[in-house]
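Participant:
Chains as they are written, first to last, in my numbering: chain A, 1 to 293; chain B, 1001 to 1335.
1) What are the residues in the stretch 1002-1024 of chain B lying within 7 Å of chain A by C-beta distance?
2) 9 Å is my cut-off, CB to CB: does residue 204 of chain A come that close to chain B?
3) Along chain B, in chain order, which residues have C-beta atoms closer than 7 Å to that of residue 177 of chain A?
4) Using a C-beta cutoff of 9 Å, does residue 185 of chain A count as contacting chain B?
5) Any C-beta of chain B sitting closer than 9 Å to the C-beta of residue 180 of chain A?
6) Short of 9 Å Cβ to Cβ, which residues in the stretch 1240-1268 of chain B face chain A?
7) Ignore the nearest five residues each way along the sequence and tell me which others in residue 280 of chain A's own chain have a CB closer than 7 Å to its CB.
8) Where do the ends of the alpha helix (DSSP H) carrying residue 1165 of chain B lie?
9) Along chain A, which residues have their Cβ under 9 Å away from the Cβ of residue 1124 of chain B?
10) Would you grab the beta carbon distance between residue 1139 of chain B and residue 1170 of chain B for me? Rounded to a whole angstrom, and I think it's under 8 Å.
11) So which of A:161, A:99, A:236 and A:119 has the shortest CA-CA distance to residue 147 of chain A?
12) What is the rounded straight-line gap between the Cα of residue 278 of chain A and the Cα of residue 18 of chain A?
13) With C-beta atoms as the reference, is residue 1040 of chain B less than 9 Å away from residue 1202 of chain B?
14) Please state whether DSSP places residue 1010 of chain B in a helix, a strand or coil.
15) Which residue comes first and which comes last in the beta strand (DSSP E) that contains residue 1281 of chain B?
16) Indicate whether at least one CB of chain B lies closer than 9 Å to the CB of residue 195 of chain A.
17) I'd like the list of long-range same chain contacts for residue 101 of chain A, defined as Cβ closer than 7 Å, with 5 residues on each side in sequence excluded.
18) What are the boundary residues of the beta strand (DSSP E) that includes residue 1210 of chain B?
19) Residue 110 of chain A CB to nearest chain B CB: under 9 Å?
20) In chain A, what lies closer than 9 Å to residue 1171 of chain B by C-beta?
21) In whole angstroms, what is the alpha-carbon distance linking residue 1181 of chain B and residue 1279 of chain B?
22) What residue from A:34, A:58, A:54 and A:56 has the CA that sits closest to residue 47 of chain A's CA?
23) Candidates B:1293, B:1274 and B:1256: which alpha carbon is nearest residue 1281 of chain B's?
24) Could you tell me which whole alpha helix (DSSP H) segments of length 4 or greater appear in the stretch 116-195 of chain A?
25) Tell me the DSSP bridge mates of residue 1017 of chain B?
26) In whole angstroms, what separates the C-alpha of residue 168 of chain A from that of residue 1058 of chain B?
27) If you measure between the beta carbons of residue 1045 of chain B and residue 1028 of chain B, is that distance less than 9 Å?
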């Protein structure tokens, strides 16, 4: 597969937006891994809880001591750095579980069809009919606050997208002549799904998953912003924005006076989402065999 | 030496499909023919006459809307319809193989040509990968693909249409099947490539002593390849005979119409004998002879089922008025 690897690498390196996406993603990975170096946590404390650095509830602008400023008595820089870990954790876990769940539901519905398809897809429809954010909020309120509860709520309301996608693709691929050709060579149903159907349908799902990774982090942040997500003081980009809620309009005739409260966590989120979207696009271009010419 | 007992025998095969309203669609209704070792027969008919369904039924690959409702498919004394799905899977690819019309969609785009050929070899011959790879390379060489070793690692999109069809044939023949079903193998290819592929099939058939069932609507292909011809119309066999019998003194008006609807350079023709109308709706086949609403010879007698008659040695016809087919020479297909 040497030729193949070289071809993929060449394709990745010739694309500026691909490079940008990977650079951004690597940057976030580095920040997440080396968080204790960038923002050392106080000893014997949970590093995910942002330490309190001042007793005044007024925000403080950036200074050498607090490069991104202070919000809600807590250091924004510390929150952005450790929030990267939270973002990855939420994004990866929710995406993995919801994609796996969706693959299972979609593959069963698509391949076996008939009653299976009818029942599973109607359940999917019901879940899709409920507005995502409202549903996630209600579920989090029922389950109680906490990051794990947020993740459960988000998984429960995001498996339908991969399920639908994979079902549609399987319905299409199932009719392809190479499936019939494989059957005519004596290949079993199970091998046909595994070797012939899934590899032809999995790419859109993976791409969708990497794009969803970004948007899930936004949703998690939205929940935190609304106060139903991460607990008080938890290092999370949405929680940082929550502190900015009362100060967003500025003050004393200066609309942008407290810009640092929204810009730093906001920028982290935008770049994070952008990174995943660019990487998703790149993966499709590089790996989808159907786009090869 | 050819044996006298046929290699494959299809007896009174019935394949029905069912619509959502539970209507019965008799796509194949009592088809019988046989195939001897090393022989090529052609299954000829218009689109929708049931020839592809027949071939899929031989491999038991009719999809879930259809059902084989009767008949026997006997391969060397074993009735394939009585086998379990697992036993049937062993037959497919090892004893009976099939090649398809569209080589571009019959190869899986995500695997290399080599991987796909090896799949069948590993499955049926239980060879370890390195040996399977050698066998795959050998198969590609057999079908005349140059630089076979290099081609093993190429993806289907890197091959031309003719090369893809050769690769398909290599895949189908990798386990040396006794029967090859070729479903319009050249329809989607250039004329020059068509000839090469047909020649290749003929040569390999000779070398591997296979029986070939050629499914086609192209009578030119039939004339060049088949020893015997089976003409199908609306799910039934209407005439069967040697190539010579069919081309020189066919007895069924439908066969006659098919042959005379081809433009010819060697004789002067005023106009082509076009068979009027189209194949009847399979949900609503005419009673008696299914060709009667398009046949210039039809009368009251045709409201009853014709008999399957042997008019000459090994030449069968399914028509009440076979003796009058000569009339068409002067009358043409005008009613």
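Beta carbons: idealized from backbone N, C-alpha and C, even for Gly.
Facilitator: The answer reads as follows:
1) Within the stretch 1002-1024 of chain B, no residue qualifies.
2) By the rule that beta-carbons nearer than 9 Å mark a contact, residue 204 of chain A does not touch chain B.
3) Here the neighbours are 1100, 1102, 1105 and 1106.
4) Taking Cβ atoms only, chain B reaches closer than 9 Å to residue 185 of chain A, which makes this a yes.
5) With respect to chain B, the C-beta atom of residue 180 of chain A has a partner C-beta closer than 9 Å.
6) Going along the stretch 1240-1268 of chain B in chain order, one finds no residue with a Cβ nearer than 9 Å to chain A.
7) Close CB contacts of residue 280 of chain A within its chain, under the 7 Å cut and outside five residues either way in sequence, are with 207, 210 and 211 (chain order).
8) Looking at the DSSP string, the run of the alpha helix (DSSP H) that includes residue 1165 of chain B is 1161-1173.
9) Chain A residues near residue 1124 of chain B: 185 and 186.
10) Yes, residue 1139 of chain B and residue 1170 of chain B are in contact; Cβ-Cβ is about 4 Å, under 8 Å.
11) Among A:161, A:99, A:236 and A:119, the Cα nearest to that of residue 147 of chain A is on A:236.
12) Their backbone Cα atoms lie some 6 Å apart in a straight line.
13) With respect to the 9 Å criterion, residue 1040 of chain B and residue 1202 of chain B are classified as neighbours on the basis of their beta carbons.
14) Looking at residue 1010 of chain B - three-state DSSP - the assignment turns out to be strand.
15) Here residue 1281 of chain B belongs to no beta strand (DSSP E), and DSSP marks it neither H nor E.
16) Nearest CB-CB separation between residue 195 of chain A and chain B: below the 9 Å threshold.
17) Closer than 7 Å at the Cβ level, and outside the excluded window around residue 101 of chain A, lie 159.
18) Segment: none, residue 1210 of chain B is in no beta strand (DSSP E) and carries neither H nor E.
19) For residue 110 of chain A, the answer is no, since every Cβ of chain B falls outside 9 Å of its Cβ.
20) For residue 1171 of chain B, the neighbours in chain A by C-beta distance under 9 Å run, in chain order, 181 and 185.
21) Their Cα atoms are separated by approximately 24 Å.
22) Comparing Cα-Cα distances from residue 47 of chain A to each of A:34, A:58, A:54 and A:56, the minimum goes to A:34.
23) Comparing Cα positions, the closest option is B:1293.
24) Residue ranges of uninterrupted alpha helix (DSSP H) with 4 or more members, entirely inside the stretch 116-195 of chain A and ordered along the chain, are 132-143, 147-156, 160-174 and 177-184.
25) Answer is B:1025 and B:1066, bridged to residue 1017 of chain B.
26) If you take the alpha carbons of residue 168 of chain A and residue 1058 of chain B, they lie about 30 Å apart.
27) No, the Cβ-Cβ distance between residue 1045 of chain B and residue 1028 of chain B is not below 9 Å.
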